[in-house]
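Numbering (this note's numbering), first residue to last: 4 to 492.
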């Protein structure tokens, strides 16, 4: 089943609006704007604006505004919401609205008191259940079909959460996603006994590779034909722009999830359409306005996917691209000093009586312990983003890590996801002297899976992740004893 691409023109479609308390006054005006005399059809832009229908008087119909009638018009003109009254300092609100701070404080206190009374009254009719009658939330997750990788992930990718897999090109993101498409069809503990939906923004679904994994994976190949996953239970669609992406995710995906008993939704990748939209021509000329628009759309997308995962009890997994992270020049020189001097001493001083095996810095440069510990940080300031991103990107927490990356879409998108799994790829070079010899020759790759952060599993910050390799049957963990790295063909 393929989900059709939406048409450009659409009207009358309901949009899910984020509830926001707004002060609505007896005059019927909101933020100084006259109310429309007739109903207005929803449009895509309405989804990005606060809703004026979920207002204070709808939540608290008996709230008396007469004692505050002298400050109400000024608050209305300054677009002060009830959320502002409850969260901001009265002095800040008073400056915006040009009203006395004491009156603002009195209004905020009265609003808070009546909200407490309102919700306490609703809770009186609810009887507290004993602990024995409280139903435990069942843990349901989609397995990677590898015990080592599942252990590192805390059981797999659970239903009800929005997770991300990030890594550079050819790191193994798509290979892992294809395995999940098959695993979700298995009964617990490997899957959810449900179908899957694959949404692609780049290359279409690789059905040939899916069939190869199905026939070659040790677990799947042993199943009876009636128990095996089927490619017929994997629905897919390809979208090319943000408008189509929003329409499909908001309207068509929830219907497909309910009708087709879908337990896994994959978006591969989440960054492609955003980069095409905001990094080409129109996005560059917008400057700060374009950046703010992109951030707002990322927040909206994150809320949409989280709501889908929570409401339909499905696992939502997205793939994300990465960007190169530039390191300080001193750090790069320090790294070269250590590793080149190790090779220099090994080759030229092999018969040295000291035999210590310690590296000797390059002439004219002495490496300090501080540089050794912080070479991967672009700033020593612990409050700077460049310092803290090692805790949530998956790169920069290990000493002497080269080719550091940063996941796309920035900190705004990072705050939308429940877990980030980073797939790292490091080259394996042919053993020879590279000090004065030829260019480095890559003979293979070492891949590592790291949990940057997660709501249900321990992260790998400061620790080695789980090494894995890509084989004919999908992905599999590589033990400490090794296994061989993937060799270049």
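Even glycine gets a Cβ: it sits at the ideal position worked out from N, Cα and C.
Asked                                                                                                     : Found
Reference residue 173, options 470, 466, 450 and 464, closest by Cα                                       : 450
Every unbroken alpha helix (DSSP H) inside the region 230-261 [4 residues or more]                        : 245-250
Beta-carbon gap between residue 260 and residue 317 smaller than 8 Å                                      : yes
Span separating the alpha-carbon of residue 445 from that of residue 398                                  : 22 Å
Pick from 143, 300 and 442 that is closest to residue 433, judged by C-alpha positions                    : 442
Three-pair Cβ contact test at 8 Å for the region 385-392 versus the region 241-249                        : no
Start-to-end residues for the beta strand (DSSP E) that takes in residue 79                               : Not the beta strand (DSSP E): residue 79 falls in the alpha helix (DSSP H), residues 75-80.
Whole-angstrom distance between residue 179 and residue 108, CA atom to CA atom                           : 54 Å
Own chain, CB closer than 6 Å to residue 395, minus 5 neighbours either side, in chain order              : 417, 455 and 456
Rounded C-alpha distance that separates residue 328 from residue 428                                      : 15 Å
According to DSSP, residues forming a beta bridge with residue 266                                        : Answer is none; residue 266 lacks a bridge partner.
Residue 305 - containing alpha helix (DSSP H), residue span                                               : 291-315
For residue 187, three-class secondary structure by DSSP                                                  : coil
Test item: CB-CB of residue 157 and residue 460 under 8 Å                                                 : yes
Closest by C-alpha distance to residue 151, when choosing among 415, 452, 462 and 474                     : 452
Extent of the continuous beta strand (DSSP E) run through residue 456                                     : 445-457
CA-to-CA distance, residue 70 to residue 88, given in whole angstroms                                     : 16 Å
Residue 172 (DSSP reduced to helix, strand or coil)                                                       : coil
Which of helix, strand or coil DSSP assigns to residue 321                                                : strand
Residue range of the unbroken beta strand (DSSP E) whose run includes residue 472                         : 469-474
For residue 393 and residue 364, the rounded distance between their alpha carbons                         : Bear in mind that a pLDDT of 40 at residue 364, under 50, signals an unreliable position, so the number given afterwards is only what the model happens to contain. Looking at the two C-alpha atoms, the distance is approximately 27 Å.
Neighbourhood of residue 468 by C-beta, 6 Å cutoff - its chain only, sequence neighbours within 5 removed : 451, 452 and 453
Reduced DSSP category for residue 1 - H, G, I as helix; E, B as strand; rest coil                         : Any property of residue 1 remains undetermined from this structure, which presents the chain solely from 4 to 492.
Reduced DSSP category for residue 346 - H, G, I as helix; E, B as strand; rest coil                       : For residue 346, the predicted model reports a pLDDT of 45, less than 50, meaning its position is unreliable; a value from the coordinates is still stated below. Helix, per DSSP.
Exposure label - residue 202; buried when at least 16 CB within 10 Å                                      : buried
Limits of the unbroken alpha helix (DSSP H) element including residue 278                                 : 275-281
Residue 122 vs residue 145 beta-carbon contact at 8 Å                                                     : no
Beta-carbon proximity of residue 275 to residue 211, cut-off 8 Å                                          : no
Residue 239 versus residue 265: straight-line alpha-carbon distance, rounded                              : 12 Å
Where residue 477 falls: helix, strand or coil (DSSP)                                                     : strand
N-terminal and C-terminal residue of the alpha helix (DSSP H) that residue 96 is part of                  : 93-100
Residues sharing a beta bridge with residue 432, DSSP                                                     : 445
CB-CB length for residue 198 against residue 237, believed under 8 Å                                      : 7 Å
Start and end residues, alpha helix (DSSP H) containing residue 495                                       : The shown model of the chain, from 4 to 492, leaves out residue 495, and the question about it has no answer.
CB-CB length for residue 184 against residue 214, believed under 8 Å                                      : At roughly 12 Å, the Cβ-Cβ gap does not stay under 8 Å, so residue 184 and residue 214 are not in contact.
Straight-line Cα distance separating residue 258 from residue 110                                         : 44 Å
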